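Take a look at the structure set out below.
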Amino acid sequence: MWGLLLAVTAFAPSVGLSLGAPSASVLGLTPGSTLAPHSSLTQASTKANETSEQHVRLRVIKKKKIIVKKRKKLRQPGSSVTARPLGTTSPAKTRILPEKQEPGCPPLGLESLRVSDSQLEASSSQSFGLGPHRGRLNIQSGLEDGDLYDGAWCAEQQDTEPWLQVDAKNPVRFSGIITQGRNSVWRYDWVTSYKVQFSNDSQTWWNSRNHSSGMDMVFPANSDSETPVLNLLPEPQVARFIRLLPQTWFQEGASCLRAEILACPVSDPNDLFPEAHTLGSSDSLDFQHHNYKAMRKLMKQVHEQCPNITRIYSIGKSYQGLKLYVMEMSDQPGEHELGEPEVRYVAGMHGNEALGRELLLLLMQFLCHEFLRGNPRVTRLLTETRIHLLPSMNPDGYEIAYRKGSELVGWAEGRWTYQGIDLNHNFADLNTPLWYAEDDGLVPHTVPNHHLPLPTYYTLPNATVAPETWAVIKWMKRIPFVLSANLHGGELVVSYPFDMTRTPWAARELTPTPDDAVFRWLSTVYAGTNRVMQDTDRRPCHSEDFSLHGNIINGADWHTVPGSMNDFSYLHTNCFEVTVELSCDKFPHEKELPQEWENNKDALLTYLEQVRMGIAGVVRDKDTELGIADAVIAVEGINHDVTTAWGGDYWRLLTPGDYVVTASAEGYHPVKKHCRVTFEEGPVPCNFLLTKTPKQRLRELLAAGAKVPPDLRRKLEQLRGQK
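When we follow the numbering used here, the leftmost residue of the sequence shown carries the number 25, and every step to the right adds one.
Set out below in structure tokens:
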């Protein structure tokens, strides 16, 4: 997601200074852990802080000499209220210890928005845009600070005892906290240490304490704005409310943080609280995150369960040699059936956007199971369509993100390939040469408006083109795809081409394609059947409220993306492709996968069915009745053509209406037809029979060594006489 990443570091190299947060040794604290998901939630990561003073070390770099000086103290607010926990003592006033922590407590849902804005409170806020509702892990700010969508919760400067509070609504077993600093292009703000309090009524609080010293725990926090830092509680606490109380923060900044809370549900035998919403699905599928090895195993299992409708193939390898596996699903896997459209889903272009990968693995399981059950919708889909599912376009990046874990991967780690290439900017820019040709009046008579060739620079040996990109380009050329969706994460919106602005250097600008009506239709179909996008009560993920526009947007009007796969697919092939931003959380916890599947299941199926909209047919030779490959299908009033596949079949996506369609091919007379697209399901048949031109017939006869027929000879003489 997002061509522009708002990456913030804790250094200021332009002035020759390294302004870091206090080191762990200076604070007397153990640095926060950033462990992998399988170990991060089962190991304690903090020790007590028993020092009363902390200092900042300022490293002044002058040529080769490093000077270390002690600077003024960090602000250390006074201690906060401490109280015994309600409901955790026996009649004899002895403390009842909570049950032992269950490993892997899931996130409470600040990042995924399961925790609503009303559940977040704070002691103070610098502005509405820095209010407690913005204190969510990985939330992104707008380009301008000080607006309604800033990148963290920030307490007022004069607030000496700041706190951020989360109401879980029900008692839960709190087990850990993950924090980040403020996301901002212009400022450096992060908390370097904090305390934690708990309450059952938001009035009486008790602190997390150190086992050995009995003193309040002071947890080490962040040393930069973006890296998530995990702290596990020394002893999990059962409570309804949790407070984070910043103790120290980056000396040049403010008390600002983004957070996620780890918490396990607890039983409520007395039914004192309303039943919490459970995340689940009625489908019996494998709801977990799959690394490369597990993904291969799962795909193999699906194939073995449904061998007659599946085929696994590889389209190439990543830079590190991991294969880009595709699951093909059709009643005749392995072959293109005449008249049957080809559709694809691509996920994992950005390795850290993991939800799309899991949704495609769930989709292939679902299609297999439902086909075996005789589900009529799925049966029709697989008998009338050839579906290709690529769950991981960037497997190298995903493995990096997977090792970090769903809550600790941050906003960008694993996004790029192992070579550091953003695949969504790595396809050839065909927009620019097309628009130059249009400005010169060369389209479509001199320069075609479709199937633009690769630029010469793009094919040079030293061109920076990832092997993953080349693999997908060759895949596009090999199969006559009609429809596609590119699954991303980090937002809730469907974007459609063009992704690149027509005005050079414009950051955003409405730049529609000639098929804008079709793309808006396709985008609306997915957004309109996605449960979360249709939730009128949901809040925006980050800094833009896409619900105001039906949860769809022209890609270039959001942010310009030169070299996107969507634009390339439209201009280099017949395939219409949109980008689906599936969730605010790029890498949801596996506990949230069942709900995410339910949010997207119907949308994934309904979008595939849109390949039936418009017209379809076969262009044949009138004499031989053989299909004509590469015939051009032009629709009057739409400056973008498509071509026929090798068997002469074609599919032209169109919204309902009356169209004048022309089929033409080299060596044939063009034929024009009127075709009406209705709201009825299924493509409207629009077949063509083309007649060879006399010149083409002559070429074929001469090539075969035959004599020219008398009638054809007379026509040729007449033509010469006219000249």
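Cβ coordinates follow ideal geometry from the N, Cα and C atoms, glycine included. Since the structure is predicted, the reported quantities are computational estimates derived from the model, not experimental observations.
Are the beta-carbon atoms of residue i and residue j separated by less than 8 Å?
i	j	result
Y674	A640	yes
L391	Y369	no
L268	L281	yes
R532	D581	yes
W177	F274	no
Y520	I576	yes
H566	E605	no
T203	A263	no
H613	S430	yes
E135	E284	yes
E382	R410	no
I662	D539	yes
S199	C129	yes
S217	T251	no
G277	R211	yes
S588	N448	yes
L414	V367	no
G155	R206	no
Are there 16 or more other CB atoms within 10 angstroms of the CB of residue i, so buried, or fewer, so exposed?
i	result
T603	buried
M237	The displayed chain sequence assigns Ser, not Met, to residue 237. So S237 ends up on the exposed side.
M239	exposed
K610	buried
V32	Low confidence applies here, because V32 scores a pLDDT of 35, under 50, leaving its location unreliable and the question unanswered by this model.
F395	buried
H573	exposed
S208	buried
P419	buried
N260	Correcting the residue type first, residue 260 is Pro in the shown sequence and not Asn. It is buried - the Cβ of P260 has at least 16 other Cβ atoms within 10 Å.
I91	For I91, the predicted model reports a pLDDT of 29, less than 50, meaning its position is unreliable; a value from the coordinates is still stated below. Exposed, by the Cβ-count rule.
A705	In the sequence as displayed, the identity of residue 705 is Glu instead of Ala. Exposed is the call here.
V518	buried
D225	exposed
K501	exposed
A34	Any reading at A34 is ruled out, since the residue's pLDDT is 35, under 50, leaving its predicted position unreliable.
P733	exposed
H664	buried
T560	exposed
K739	exposed
G703	In the sequence on display, residue 703 carries Phe and not Gly. So F703 ends up on the exposed side.
G745	exposed
Q189	buried
N486	exposed
T70	For T70, the predicted model reports a pLDDT of 38, less than 50, meaning its position is unreliable and no value from the coordinates is stated.
G102	Because the pLDDT of G102 is 35, which lies under 50, any placement of that residue in the model is unreliable, and the number read from its coordinates should be weighed accordingly. When all chains shown are included, G102 counts as exposed.
What is the residue span of the alpha helix (DSSP H) that residue i lies within?
i	result
L572	Where L572 is concerned, there is no enclosing alpha helix (DSSP H), given that its DSSP letter is neither H nor E.
S593	M589 to H596
T203	Note, T203: premise wrong, no alpha helix (DSSP H); beta strand (DSSP E) at L188 to Q204.
R282	Not the alpha helix (DSSP H): R282 falls in the beta strand (DSSP E), residues C280 to P289.
K498	P491 to R502
R700	First-last for R700: V695 to V701, but that is the beta strand (DSSP E), not the alpha helix (DSSP H).
H327	Y316 to Q329
Where do the N-terminal and C-terminal ends of the beta strand (DSSP E) with residue i fall, by residue?
i	result
L414	R410 to L414
H360	Where H360 is concerned, there is no enclosing beta strand (DSSP E), given that its DSSP letter is neither H nor E.
T272	V253 to W273
I424	Careful: I424 lies outside any beta strand (DSSP E), inside the alpha helix (DSSP H) at P419 to K428.
T686	G681 to S688
W230	W229 to N231
R526	Here R526 belongs to no beta strand (DSSP E), and DSSP marks it neither H nor E.
K731	No beta strand (DSSP E) holds K731; DSSP gives it neither H nor E.
F600	F600 to E605
Which residues does DSSP pair with residue i in a beta bridge?
i	result
C710	Answer is none; C710 lacks a bridge partner.
P131	L286
M351	I336 and L413
Y674	G641
P144	The displayed chain sequence assigns Leu, not Pro, to residue 144. Per DSSP, V190.
I657	V666 and A687
A371	L511
*Check whether the segment 421-430 touches the segment 371-384, taking contact to mean three or more Cβ pairs, one atom from each stretch, closer than 8 Å.*
yes
*asked:* If contact is defined by three or more beta carbon pairs under 8 Å, each pair taking one atom from either stretch, is the segment 545-565 in contact with the segment 488-495?
replied: no
*With contact counted as at least three CB pairs below 8 Å, one residue from each stretch, are the segment 618-626 and the segment 678-693 in contact?*
Fewer than three Cβ pairs drawn from the segment 618-626 and the segment 678-693 lie within less than 8 Å of each other, which leaves the two stretches out of contact.
*Does the segment 464-480 come within contact of the segment 627-637, defined as at least 3 CB pairs closer than 8 Å?*
no
*Pair every Cβ in the segment 143-152 with every Cβ in the segment 177-188, then say whether three or more of these pairs are closer than 8 Å.*
yes
*Would you check if the segment 721-728 and the segment 668-685 touch, i.e. whether three or more CB-CB distances between them fall below 8 Å?*
no
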